[in-house]
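A short write-up of the structure that comes next.
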Amino acid sequence: MRLLLATPLYPPDIAEPAPYTKELARRLAPFHEVTVLTYGHLPEKVEGVRIVAIDKRAPLVLRLVRYTKALMREWHKADVLYTQNGPSVELPIALARVWVRKPLFIRLGDTAAHQYASRHLLRSMLETLALRSAQSVDAPYLQKPEILPFTPRPNSELATWEHSWQKHLEQLQKKFDHV
Amino acid sequence: MSDLTPLKNTLTSLGFTLEAEQPHLLGERHLTRPLGGGHKWLLLGRNVQGQRVVIKASNEPMGVAEIVRERECRRVLHVIYFAYGVFLSPKEILFTTKDGYTVLVTEFVEAKPFLERPLEEQFTLALKAFKAQESAHATTSSHVRLIRGTFDELHATDYLKKINTYAHEVVPHATFKDASDFLSQHQEVIEQYCNFLTHWDLTPQNMRVVGDSIYLLDHSSLHFGNKYEGWARFINFMTLYNPLLAHALVQYVRDNRTPEESLALKCMRLYRLGELVRYYVGWLEHTEGNLRKLAQIRIIFWDTVLQAVLHDAEVPGETIEHYKKTRDTLRSEEEKKRQVNLH
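Sequence lines, in order, name chains A and B. Offset between the first sequence (1-based) and my numbering: plus 582. Counting along the second sequence from 1, when you hit position 286 you're at 271 in my numbering, and nothing is skipped either side.
As structure tokens, then:
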């Protein structure tokens, strides 16, 4: 399956949904053809994953236009678009959706952006527009437990984290299989 | 600027008295100003309520510029909307110009010396400080607009240019051409982790820990650059003062971050060690007697550390102990006094 993962943030950005998207791409890559579309200058590489990065240093309007164009191009090629929320992705999706009619899944992983949207009319409208006819993916993301010196390796927490990923991947696969 | 009396009178008229002991006027302190940097007084005093304060003052244009810049850095630091972490800085009590002096007075943050804390606590605190800085990542044009003009920005090309200059300048006292070549080979990795807030001089003397809160001092040393630059300075420092902590921090990056990040840390450690060697080579021109000998042994020691980092080796404990012993015999009594509780 050809999967397009759209995200506003991606490592070396540190805030969510950056680490989630990278981890997901890494785990999906052995089984699918994965492309990540993000903003960034020098995104971290993942073996077997194609990364399309729109330079964030360009002025806002220009980078939104570039992202929208790239989204339309990549979405055409993909079977499924799986996106993370955030206005810098929602606006391009709302625009691209006029031309591209392919399955769209969304995860509201950036809770701060989602909460902000619920308080601001324009942002709320944008989110609603992007989400229309999108299937939502419920995935409470567990942050990877840190391995710290002077403390025993957190084996149990790492196992829980791994288990949550397996469950999440199964859930995603089921959703994707139904398109 | 050796006579403190006129400034003392100005401070008295502003309601501040100086403490009898002024650790920042002792020993090698006069040599620690950055080359090309301005001259400013760094003093400890008390206000009329008896509250301990830190006073920075200068009547030289470059020193004044540094004080003004530090104040502006602190102001902007608190309005960086794209940072996820919280930055604490000592409260400003007074900023004024009087009798030709620009004076900045901030509260003195009392804290237990960092190195007196248990090793695990040192690790936790250092990591917290690094993470707070990393949370400020200037990636978009509007972020850059906010910081530009206040904070310096360093990119891979700047680091490379500097390390090449240092490598050229230190010959024949040391040679780290291999280090400079290593940085050239990994230019993209260095750039990948640029645009993060980082403290050029992140050592325990520029941190105060009160409870769970970390105060960052010397805001003029903050800039946007490779996120491991501050880590590198701290780890290099700890190679001498607490090798176990240095090792733990390097291991943390290996265990929890990408291989590219470990590489970026190594590059930054090499860069900062090159800078340190070059700094002490700069001392050779201005010093004589024991101070000159001190500079010489420091060049040798830090060049040894640089070679060890380059080859992913540990610096032998005996080398560190031998260096410390020799350094202490060469240090003046004043400098030994200044060093007490400094870190």
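Glycine is no exception: its CB is placed at the ideal position from the N, C-alpha and C atoms.
Same chain only: Cβ atoms within 6 Å of residue i, ignoring 5 sequence neighbours per side
{"i": "A/V719", "result": "F687, R689"}
{"i": "B/H128", "result": "F67"}
{"i": "B/L20", "result": "Reliability fails at B/L20, whose pLDDT of 46 lies under 50, so the model's placement of it is uncertain and the value that follows must be treated cautiously. Same-chain partners within the cutoff: G267."}
{"i": "B/A96", "result": "R193, V194, V195"}
{"i": "B/M(-14)", "result": "Bear in mind that a pLDDT of 47 at B/M(-14), under 50, signals an unreliable position, so the model cannot answer this."}
{"i": "B/F93", "result": "R37, V38, V39"}
Residue of the options minimising C-alpha distance to residue i
{"i": "B/L291", "options": "B/E246, B/G267, B/A217", "result": "B/A217"}
{"i": "B/S247", "options": "B/D(-12), B/R133, B/P103, B/Y178", "result": "B/Y178"}
{"i": "B/G35", "options": "B/I65, B/F209, B/F1", "result": "B/F1"}
{"i": "B/V33", "options": "B/L(-1), B/A42, B/V39, B/K147", "result": "B/L(-1)"}
{"i": "B/Y350", "options": "B/L202, B/I52, B/F99, B/H122", "result": "The structure shown has nothing for residue 350 of chain B, since chain B only spans -14 to 328."}
{"i": "B/G302", "options": "B/T272, B/R277, B/N275, B/H232", "result": "B/H232"}
{"i": "B/V238", "options": "B/A111, B/L29, B/L104, B/V53", "result": "B/A111"}
{"i": "A/I633", "options": "A/P641, A/L619, A/L646", "result": "A/L619"}
{"i": "A/P734", "options": "B/V235, B/E105, B/V39", "result": "B/E105"}
{"i": "A/A660", "options": "A/P641, A/L586, A/N667, A/L704", "result": "A/L586"}
{"i": "B/E318", "options": "B/K147, B/I148, B/L276, B/T243", "result": "B/L276"}
{"i": "A/E626", "options": "A/Y602, A/L644, A/A640", "result": "A/Y602"}
{"i": "B/L82", "options": "B/I52, B/V235, B/V155", "result": "First, the residue type needs correcting, since residue 82 of chain B is Thr and not Leu in the sequence shown. Out of B/I52, B/V235, B/V155, B/I52 has the C-alpha closest to the C-alpha of B/T82."}
{"i": "B/E214", "options": "B/V156, B/L182, B/L295", "result": "B/L182"}
{"i": "B/D186", "options": "B/D84, B/E260, B/S126", "result": "B/E260"}
{"i": "B/A298", "options": "B/A280, B/Y256, B/D313, B/P228", "result": "B/P228"}
{"i": "B/H296", "options": "B/F167, B/T(-10), B/R60, B/K321", "result": "B/F167"}
Assumed close pair residue i, residue j - CB separation to whole angstroms, cut-off 8 Å
{"i": "B/F80", "j": "B/L89", "result": "5 Å"}
{"i": "B/I65", "j": "B/L131", "result": "7 Å"}
{"i": "B/E45", "j": "B/T135", "result": "Actually they are not in contact, since the Cβ atoms of B/E45 and B/T135 sit about 21 Å apart, beyond 8 Å."}
{"i": "B/A141", "j": "B/I175", "result": "4 Å"}
{"i": "B/I284", "j": "B/A159", "result": "6 Å"}
{"i": "B/S120", "j": "A/I596", "result": "7 Å"}
{"i": "B/A113", "j": "B/I199", "result": "Residue 113 of chain B is actually Lys in this sequence, not Ala. That pair is a contact at about 6 Å."}
{"i": "A/L653", "j": "A/A694", "result": "Their Cβ separation, rounded to whole angstroms, is 23 Å, which puts A/L653 and A/A694 out of contact at 8 Å."}
{"i": "A/K651", "j": "A/V628", "result": "Not confirmed; about 23 Å, so no contact."}
{"i": "A/Q666", "j": "A/P731", "result": "Rounded, the Cβ-Cβ distance is 33 Å, inconsistent with contact."}
{"i": "B/V294", "j": "B/V155", "result": "So it is not a contact: roughly 16 Å between Cβ atoms."}
{"i": "A/A765", "j": "A/L663", "result": "The displayed coordinates of chain A run from 583 to 761. Any statement about residue 765 of chain A would go beyond what the structure contains."}
N- and C-terminal bounds of the beta strand (DSSP E) containing residue i
{"i": "B/G274", "result": "Not the beta strand (DSSP E): B/G274 falls in the alpha helix (DSSP H), residues 274 to 295."}
{"i": "B/A121", "result": "Element bounds for B/A121: n/a, residue is neither H nor E."}
{"i": "B/S206", "result": "Counting along the chain, B/S206 falls outside any beta strand (DSSP E), and DSSP gives it neither H nor E."}
{"i": "A/Y664", "result": "662 to 666"}
{"i": "B/R31", "result": "26 to 31"}
{"i": "A/R584", "result": "584 to 588"}
{"i": "B/T87", "result": "86 to 92"}
{"i": "B/L79", "result": "77 to 83"}
{"i": "B/I199", "result": "198 to 201"}
Cut-off 8 Å between Cβ atoms - residues of its own chain near residue i, not counting five sequence neighbours on either side
{"i": "A/L708", "result": "P669, E672, L673, A676, A699"}
{"i": "B/N191", "result": "H184, L201, L202, D203, S206"}
{"i": "A/P612", "result": "G630"}
{"i": "B/K310", "result": "none"}
Interface partners of residue i on chain A, CB under 9 Å
{"i": "B/V330", "result": "Absent from the structure is residue 330 of chain B, since the part of chain B shown begins at -14 and ends at 328."}
{"i": "B/Q236", "result": "I729, P731"}
{"i": "B/F222", "result": "The premise fails here: B/F222 is roughly 18 Å from chain A at the closest Cβ pair, so nothing lies under 9 Å."}
{"i": "B/A233", "result": "L730, P731, F732"}
{"i": "B/E173", "result": "L624"}
Residues that residue i contacts on chain B, provided the C-beta gap is smaller than 7 Å
{"i": "A/I729", "result": "D240, N241"}
{"i": "A/P594", "result": "Q177, Y178"}
N- and C-terminal bounds of the alpha helix (DSSP H) containing residue i
{"i": "A/M654", "result": "642 to 659"}
{"i": "B/Q170", "result": "162 to 170"}
{"i": "B/W268", "result": "244 to 271"}
{"i": "B/Y237", "result": "228 to 241"}
{"i": "A/W743", "result": "737 to 759"}
{"i": "B/V53", "result": "46 to 62"}
{"i": "B/H184", "result": "Careful: B/H184 lies outside any alpha helix (DSSP H), inside the beta strand (DSSP E) at 181 to 184."}
{"i": "B/V129", "result": "126 to 132"}
{"i": "A/V671", "result": "669 to 678"}
Other residues of its chain near residue i: CB distance less than 7 Å, five sequence neighbours each side excluded
{"i": "B/Y308", "result": "I282, F286"}
{"i": "B/T224", "result": "A231, V290, V300"}
{"i": "B/H171", "result": "L248, C252"}
{"i": "A/L740", "result": "P727"}
{"i": "B/N180", "result": "H122, A123, T124, F209"}
{"i": "A/V682", "result": "M654, W657, H658"}
{"i": "A/W747", "result": "R609"}
Chain-ordered neighbours of residue i on chain B, where CB pairs are closer than 8 Å
{"i": "A/E752", "result": "What A/E752 touches in chain B: nothing, since even the nearest Cβ is about 26 Å away."}
{"i": "A/E626", "result": "Q177, T243, E245"}
Within chain A, partners of residue i - CB distance below 7 Å
{"i": "B/F108", "result": "P731, F732"}
{"i": "B/E105", "result": "F732"}
8 Å Cβ cut-off: residues of chain A touching residue i
{"i": "B/T124", "result": "D595, Y621, G622, H623, K638, R639"}
{"i": "B/E119", "result": "I596"}
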